[in-house]
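Working notes for the structure below.
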DNA sequence: GAGGAATGGCTGG
DNA sequence: CCAGCCATTCCTC
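Listed below in C-alpha cells is the structure:
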C-alpha cells in the first residue's frame with residue numbers, strides 16, 4: 010500500500026452513487042494530474058475491491074475503461090447504481 | 001476513428 | 001538506480 014494508492018482509494022470512495030469520474034479526474038484529486046495510468050494500476054492492485062467502487066472510475070469520453078472483475082460487470086454495476094441513485098432521488 | 005508516443009507511479013532485481 | 005508493467009491520455013494522420 011502506497012500513499013498515492015491510499016489517496017486514490019479515498020477519492021474513489023468519495024464518488025457518489027450513480028456518478029462516474031475519469032481516471033484523469035481521480036489522478037488529479039490524488040495529487041498527480043498525469044498519473045491516470047498509475048490510478049488504474051492502484052485500483053487493480055487494490056486490497057479491498059469490494060469496499061472500493063472502482064467501477065465508478067472510467068476513462069475519458071464516458072468509456073467503461075477496465076475492471077479487475079471484468080468490464081461487463083462494471084457496466085452492470087454502473088447501471089445498477091444509476092437506478093439506485095434514481096430511486097434515492099425519487 | 002485508428003495508430004503511435006508519452007506520462008507517472010509501483011514492483012522486482 | 002534501471003527495466004518492465006498498467007484498467008489512460010494526448011498527438012498526429
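Residue numbers (this note's numbering): 10 to 99.
Quick reminder that beta carbons are idealized off the backbone N, C-alpha and C, glycines included.
Keep in mind that this is a model prediction, so the values were computed, not measured.
The straight-line gap separating the alpha-carbon atoms of residue 79 and residue 17 is approximately 20 angstroms. One Cα belongs to residue 65, the other to residue 87, and the distance between them is close to 7 angstroms. Going by DSSP, residue 98 is part of the alpha helix (DSSP H) stretching over 80 to 98. With contacts defined as CB atoms closer than 8 angstroms, residue 82 and residue 73 fail to qualify as a contacting pair.
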